[in-house]
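Input: a single structure, listed below in structure tokens.
In the numbering used here, the protein residues as written are 63 to 401.
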């Protein structure tokens, strides 16, 4: 499939990029690695008049420690995340999950910001224009029906990013910029939960940076192979193949420790809804406890209860939902949850 015609814009600074975004409005799309965007353009899911390339913006390509937190530019390549000594030391689970995304050639091109801003996916949406023309338009393509959930009143397309659940579990925040201003929001707030428009960026806005806070000062080791001095984290990914595939389901778990046990805990699911899903009950069950098999089983059941996949990606919803239990137990165990 060929790309549609477009005009290439190459800003030399972030300020110029934001000016161009403001000038061209809905006619422009930002391209970083392009690993997802270009496929969508070939399928005529997106037909922007302009592509705004960020590849020359070195100011968005960095990993640095600043006042106890780690700051990562949105243009940072996934391969850089995997190999970064700072990421491996401070947040090894982030290096772990970056290595699970697609395959090495795409990790060399794909960026942190691009992965966080992935569009939602569906069997009936991510197809060629010719294939889609055989059916009525769905909610995501401007129609008034869902081909997956008969009688559904909204789009059920699923968010399948790998990095977002881990970063949400790490309580990351993101910096968003537009011409003349910038602000910071919790990463979870980047996701609307609406399949039609899953990313909460308005016209002219762009994600520029991710900030990850350090562990609480009263924490100590959780004893996992994926821990730093005060916390443990893990990500479990269900997929057909060992490379390339988006997750059928994914579970991220991060546990912070102090002398009395688990001080803070967060479990986040991906590929079960139109946005990452935080298992709120997990924090209530784990915090202040020294997790045992019974507690972990309760957390796994809580994760199962909030997961409601539908038949719009690979495998069956029943199998994917049951595997949420399994993956949650594994993620908690690897994060030090048996301590």
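Beta carbons: idealized from backbone N, C-alpha and C, even for Gly.
Outcome for residue i when other beta-carbon atoms lying within 10 angstroms are tallied against a minimum of 16
| i | result |
| --- | --- |
| residue 209 | buried |
| residue 306 | exposed |
| residue 199 | exposed |
| residue 271 | buried |
| residue 91 | buried |
| residue 152 | buried |
| residue 370 | exposed |
| residue 219 | buried |
| residue 228 | buried |
| residue 135 | buried |
| residue 128 | exposed |
| residue 391 | buried |
Simplified DSSP state of residue i, which is helix, strand or coil
| i | result |
| --- | --- |
| residue 79 | helix |
| residue 268 | strand |
| residue 312 | strand |
| residue 210 | coil |
| residue 236 | strand |
| residue 326 | strand |
| residue 283 | Residue confidence is low: residue 283 scores 42 on pLDDT, short of 50, so the model does not pin down where it sits. No coordinate-derived value is stated. |
| residue 112 | strand |
| residue 128 | strand |
| residue 396 | helix |
| residue 378 | coil |
| residue 251 | helix |
| residue 288 | Note that residue 288 scores a pLDDT of 36, beneath 50, so its modelled location is shaky and nothing firm can be said. |
Cβ-based neighbour list, residue i, same chain, cut-off 6 Å, excluding 5 preceding and 5 following
| i | result |
| --- | --- |
| residue 63 | 104 |
| residue 262 | 252, 254 |
| residue 176 | 94, 95 |
| residue 395 | none |
| residue 287 | In this prediction, residue 287 scores a pLDDT of 35, lower than 50, which makes its location untrustworthy; the coordinate-derived value is nonetheless stated afterwards. Contacts found: none. |
| residue 86 | 112 |
| residue 168 | 97 |
| residue 330 | 227, 230, 231, 314, 338, 340 |
| residue 222 | 183, 308, 309, 333 |
Cβ-Cβ distance between residue i and residue j below 8 Å
| i | j | result |
| --- | --- | --- |
| residue 277 | residue 292 | yes |
| residue 76 | residue 122 | yes |
| residue 202 | residue 257 | yes |
| residue 273 | residue 234 | yes |
| residue 313 | residue 364 | no |
| residue 317 | residue 348 | yes |
| residue 115 | residue 71 | yes |
| residue 174 | residue 138 | yes |
| residue 323 | residue 352 | yes |
Contacting residues, own chain, Cβ-Cβ under 7 Å from residue i (five flanking each side not counted)
| i | result |
| --- | --- |
| residue 310 | 300, 301, 333, 375, 376, 377, 382 |
| residue 345 | 327, 328 |
Beta-carbon contacts of residue i that lie in its chain and below 8 Å, excluding the five residues immediately before and after
| i | result |
| --- | --- |
| residue 266 | 80, 83, 84, 87, 240, 241 |
### Message
What ranges does the alpha helix (DSSP H) occupy inside the region 163 to 212, keeping only unbroken runs of at least 4 residues that lie completely in it?
### Response
166 to 171, 174 to 178, 191 to 194
### Query
Could you give the uninterrupted runs of the alpha helix (DSSP H) lying entirely in the region 130 to 157, keeping only those of 4 residues or more?
140 to 145, 147 to 152
### Complete beta strand (DSSP E) runs within the region 335 to 371 (minimum length 3 residues, chain order)
none
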